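Going line by line, the protein sequences match chains E and V.
Numbering (this note's numbering) for the first sequence: 1 to 501.
Numbering (this note's numbering) for the second sequence: 1001 to 1167.
Ideal placement from N, C-alpha and C gives every residue a C-beta, glycine not left out.
Since this is a predicted model, take the numbers as computed values, not measurements.
The structure appears right after this line, and notes come after that.
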Amino acid sequence: MIENAVEAFAIFCNLQNFVAVLIGVLIGVLIGAIPGMTTPMGVALALPFTFALHPVTGVLLLLGIYKGGLYGGSISAILLKAPGTPAASCTVLDGYPMAQKGEARRALDMALYASCIADFISNLSLILLTGFLAGFALSFGPPEFFTLILFSLTIIAGVSGDSLARGIVASCCGLLLATIGLDSIYGTERFTFGNYEMMAGLNFIPVLIGLFALPEIIDQYARRGAGAVVVGTLGRVGATWGDLRACFKSILRGSVIGVVLGAIPGIGGAPSAFLSYSEARRTSKNPAGFGKGAIEGVAAAEAGNNGVAGATMIPLLALGVPGDVTTAVILGAFMVHGLRPGPVMFMENLPMIYAIFIGILLSSVYLFAIGKLMIRSVSRIADIPHRLLHPCIVVLCLFGAYAVNSSMFDILVMIAMGALGFLMLRLHLPAAPFLIGFILGPLLEDSFRQSLRLSDGTYGIFFHSPICWLFWALTVLSLGLLLRGRFVVRDGDLPAAPTGD
Amino acid sequence: MKPAARNDMILGGAVVVVAAAIAFVLAPHAIVRPQGTESRALAPDFWPLVILGMAALAGAVIAGTTLVRRPNGGDAVPVDPAHAAGSGAALRVAAVFVGLVGFYFLVPLTGMAVAAIFLCLFLMCLGERPNWLIALPTAVLLPLALYLFFTKVAKVPIPLGLFETLF
């Protein structure tokens, strides 16, 4: 053990590794902050550069990009309401309202603190709990997956604003839109109308950008003259120690959620961010403030999002199974160097794995330093006059939407989503449930149908394991508490009866 | 009936009608159902129909609550005075969409960077009077910078339109 650790330090301690992690995190933060530039895209672009590097250096460069990208998505989500990644879309819910209130710097600071803490906890879990979490992840089949996603969907009740029925309508729109494309089992067409570009379904990024960024900007154009836009004067006031202390519980909870969900292949950061947000809202002293610029919401979303960063490496390193697209590319980097992650690698190349662990821990420190340096300058974006900023955001969004697939069709999708989002804004249909439905819908449907195929159409499979029962119980409990909270608040909101004074 | 309640009634009714139209008119044509599906729940149209049923139910709830609502309670969302748009606001919204759709059709002709410059200038004119000393260079330099970034750094081929032959 000690011999391996000493050897790992010997492998890690050279300038190349330190610089690789630094450059990786820096590139990742920049990529994440640009709408349309996704982390998998960044990692894939950097992959050829790793061929000439030592395996550890190459993998650390890619891991740096991955971790930086997860945090970077929050920058555009908070400042532009244009989340760079699906996971960062949860940060929009409270981050953008904070920026609108002139608290962009505070939101960015909290996003950074939550990201770094969650990332660090996730890294520690990777190092200490790989065996245990890999075993737990293996016990997740389609029925467990289905009940987990169903539980995650209960957040819709929490983010529906004043009207739950409106939230359900919005989430149904998202769920329905997610069914567009080829059927996952039979391969037949659903709502594609013969258009081959729709057969792969609608891409996340144009939908996210269109739904969040465009309606807000169009609404500002509609309101021109109705009232001047207040530019934040507190854009340079950061998060305080008190803010961090107040959010610490949510950050820890979100990190644990991120670690557990991140270890399960195929889940990714978005469900984790939404689940963490939902739990933070449910346990908060001020749940009504969520969605209106609650700093705790930003902390919870970012902790859930970044908590998966280290944990997604658990199935990759322990089992050789990539947890998401990015780790699949990283698996490719291992294989290019003749390494095959999994139990064999733990036996034959343990010092190399330990060296990667050291680099991963270092990436959290770099993330904090780079994030702190960047926030100083980027938070001033919130101070740019809207008449200049909004056209620039539109142009950025158009390039971003196009860049995902190099497709003009994605621009059309973005414009259509902008129109739909604006209509929803006018009809007071909340965008958050739509988004949750759109992101979680395919996961829910696929796991539901896979389960039924496994059981030959018997619904008992959804109750066959303790994990399923646990998530059913959590779903019922969560729904009960959310609905109870709704009715208690509503009764409390009723105006007091006239007293006659 | 108050305006907020009337709006809810219209919205709820519209949701029910649209959900029913998709379920009974659009879905049978737009979803291909293969022969001999193993069970109803595995059929490609099962999930969309469940979603549409939920949407219709929620729409009925929105419309229904306007009839049984307490005087000061219920789900009604008040009408935002700032959203009670006049014709000027509607024109500006329409103009933004015209600009965006115009951009879409302009790209094959002029390329993305030039189309983005036109769109940026158009949107700047549409908003409050900008300081052209700052606005003009921004409108030109930002699309060019994005073009260079995506083509040279990210290796994403950005369409050049008629300029394709020049570069």
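**Message:** Please state the DSSP three-state secondary structure of Glu103 of chain E.
**Reply:** Taking the first sequence and counting its residues from 1, the one referred to as residue 103 of chain E is at position 103. Of the three classes helix, strand and coil, the one that applies to Glu103 of chain E here is coil, per DSSP.
**Asked** Using the C-alpha atoms, what's the distance from Ser74 of chain E back to Leu425 of chain E?
**Response** Locating residue 425 of chain E in the first sequence gives position 425, where the first residue counts as 1. Locating residue 74 of chain E in the first sequence gives position 74, where the first residue counts as 1. Answer to the nearest angstrom: the Cα atoms are 23 Å apart.
**Message:** For a test of the three-state rule: what should DSSP assign to Glu3 of chain E, helix, strand or coil?
**Reply:** Numbered from 1 along the first sequence, position 3 holds the residue referred to as residue 3 of chain E. Helix.
**Request:** Answer with buried or exposed for Cys13 of chain E, where buried requires no fewer than 16 other C-beta atoms within 10 angstroms of its C-beta.
**Result:** Mapped onto the first sequence, residue 13 of chain E falls at position 13. It is exposed - the Cβ of Cys13 of chain E has fewer than 16 other Cβ atoms within 10 Å.
**Asked** Which residue from E:Leu482, E:Thr475, E:Gly480, E:Ser455 puts its Cα closest to that of Gly577 of chain E?
**Response** Any question about residue 577 of chain E goes unanswered here, given that chain E covers just 1 to 501.
**Prompt:** Considering Val376 of chain E, what are the terminal residues of the alpha helix (DSSP H) in which it resides?
**Reply:** Numbered from its first residue, the first sequence carries residue 376 of chain E at position 376. The question names Val, but residue 376 of chain E is Arg in the sequence shown. Where Arg376 of chain E is concerned, the enclosing alpha helix (DSSP H) stretches over 350–378.
**Asked** Taking 7 Å as the line, does the beta carbon of Leu1049 of chain V fall inside it for any heavy atom of the ligand SAH?
**Response** You won't find the ligand SAH in this model; it holds no ligand whatsoever.
**Request:** Below 7 Å CB to CB, which residues in the same chain sit around Val336 of chain E once its five sequence neighbours on both sides are set aside?
**Result:** Translated into positions along the first sequence, residue 336 of chain E becomes position 336. Answer for Val336 of chain E: Phe51, listed in chain order.
**Request:** Would you check if the region 303–315 of chain E and the region 125–137 of chain E touch, i.e. whether three or more CB-CB distances between them fall below 8 Å?
**Result:** yes
**Message:** Measuring straight from C-alpha to C-alpha, what distance separates Pro433 of chain E and Pro341 of chain E?
**Reply:** Sequence index remark: in the first sequence, residue 433 of chain E carries index 433 (1-based). Sequence index remark: in the first sequence, residue 341 of chain E carries index 341 (1-based). For Pro433 of chain E and Pro341 of chain E, the distance between alpha carbons rounds to 38 Å.
**Item:** Contact list for the region 386–415 of chain E against chain V, Cβ threshold 8 Å
**Value:** His386, Arg387, Leu388, His390, Pro391, Cys392, Val394, Val395, Leu396, Leu398, Phe399, Tyr402, Ala403, Ser406, Met408, Ile411, Leu412, Ile415
**Item:** 6 Å Cβ shell around Leu444 of chain E - same chain, five flanking residues per side excluded
**Value:** Position 444 of the first sequence, counting from 1, holds the residue named residue 444 of chain E. Around Leu444 of chain E: Ile149.
**Prompt:** Less than 8 Å separating the beta-carbons of Asn203 of chain E and Val404 of chain E?
**Reply:** On the first sequence, position 203 is the one that residue 203 of chain E refers to. On the first sequence, position 404 is the one that residue 404 of chain E refers to. Contact flag set, yes.
**Prompt:** What did DSSP end up calling Arg387 of chain E once you bin it into helix, strand or coil?
**Reply:** On the first sequence, position 387 is the one that residue 387 of chain E refers to. Helix.
**Item:** Whole-angstrom C-beta distance between Leu45 of chain E and Lys1155 of chain V, which should lie under 8 Å
**Value:** As a position in the second sequence, residue 1155 of chain V is number 155, starting the count at 1. As a position in the first sequence, residue 45 of chain E is number 45, starting the count at 1. With a Cβ gap of about 7 Å, Lys1155 of chain V and Leu45 of chain E count as contacting.
**Message:** Using a Cβ-Cβ distance cut-off of 8 Å, determine whether Glu1164 of chain V contacts chain E.
**Reply:** To locate residue 1164 of chain V, count along the second sequence from 1; it is residue 164. With 8 Å as the cut-off, Glu1164 of chain V does not count as an interface residue toward chain E.
**Asked** So what's Arg1129 of chain V in DSSP terms, helix, strand or just coil?
**Response** The residue given as residue 1129 of chain V occupies position 129 in the second sequence. Arg1129 of chain V falls in the coil class under three-state DSSP.
**Residue range of the alpha helix (DSSP H) that includes Leu16 of chain E** = Taking the first residue of the first sequence as 1, we reach residue 16 of chain E at position 16. The residue asked about is misnamed: residue 16 of chain E is Gln in this sequence, not Leu. It spans 15–33 - the alpha helix (DSSP H) in which Gln16 of chain E sits, taken as one unbroken run.
**Asked** Can you list, in chain order, the residues of its chain whose CB lies under 8 Å from that of Ala1027 of chain V, leaving out five sequence neighbours each side?
**Response** Here residue 1027 of chain V is taken as the residue at index 27 of the second sequence, counted from 1. Asp1045, Pro1048, Leu1049, Leu1052, listed in sequence order.
**Request:** List the residues of chain V whose Cβ lies closer than 8 Å to the Cβ of Thr39 of chain E, in chain order.
**Result:** Taking the first residue of the first sequence as 1, we reach residue 39 of chain E at position 39. Residues of chain V passing the Cβ test: none, with the nearest at roughly 13 Å.
**Request:** Give the residues of chain E in contact with Lys1155 of chain V, contact being defined as C-beta atoms less than 9 Å apart.
**Result:** Within the second sequence, residue 1155 of chain V is the residue found at index 155, counting from 1. Simply Leu45.
**Asked** For Val230 of chain E, which of helix, strand or coil comes out of DSSP?
**Response** As a first step, residue 230 of chain E must be located in the first sequence, where it is residue number 230. At Val230 of chain E the pLDDT is 45, less than 50, meaning the model places this residue with poor confidence; the figure from the coordinates comes in the next sentence. Coil.
**Request:** Can you tell me which of the three DSSP states Leu182 of chain E falls into?
**Result:** Your numbering for residue 182 of chain E matches position 182 in the first sequence. Leu182 of chain E falls in the strand class under three-state DSSP.
**Request:** Check the C-beta distance from Val29 of chain E over to Gly371 of chain E and give it rounded, since I have them as a contact under 8 Å.
**Result:** One-based indexing of the first sequence puts residue 29 of chain E at position 29. One-based indexing of the first sequence puts residue 371 of chain E at position 371. 7 Å between Cβ atoms; contact.
**Asked** Can you check whether the CB of Cys392 of chain E is closer than 8 Å to the CB of Cys1125 of chain V?
**Response** Taking the second sequence and counting its residues from 1, one reaches residue 1125 of chain V at position 125. Taking the first sequence and counting its residues from 1, one reaches residue 392 of chain E at position 392. Contact: no.
**Request:** For Gly1059 of chain V, count neighbouring Cβ atoms within 10 angstroms of its own Cβ and tell me buried if that reaches 16, exposed if not.
**Result:** Reading the second sequence from its first residue, position 59 is the one you call residue 1059 of chain V. Its Cβ being crowded by 16 or more others within 10 Å, Gly1059 of chain V is buried.
**Request:** Give a yes or no on whether the C-beta atoms belonging to Ala137 of chain E and Ile2 of chain E are separated by under 8 Å.
**Result:** Locating residue 137 of chain E in the first sequence gives position 137, counting from the first residue. Locating residue 2 of chain E in the first sequence gives position 2, counting from the first residue. Taking 8 Å as the Cβ cut-off, Ala137 of chain E and Ile2 of chain E do not qualify as a contacting pair.
**Item:** Residues sharing a beta bridge with Glu144 of chain E, DSSP
**Value:** Numbered from 1 along the first sequence, position 144 holds the residue referred to as residue 144 of chain E. Paired residues: none, contrary to the question.
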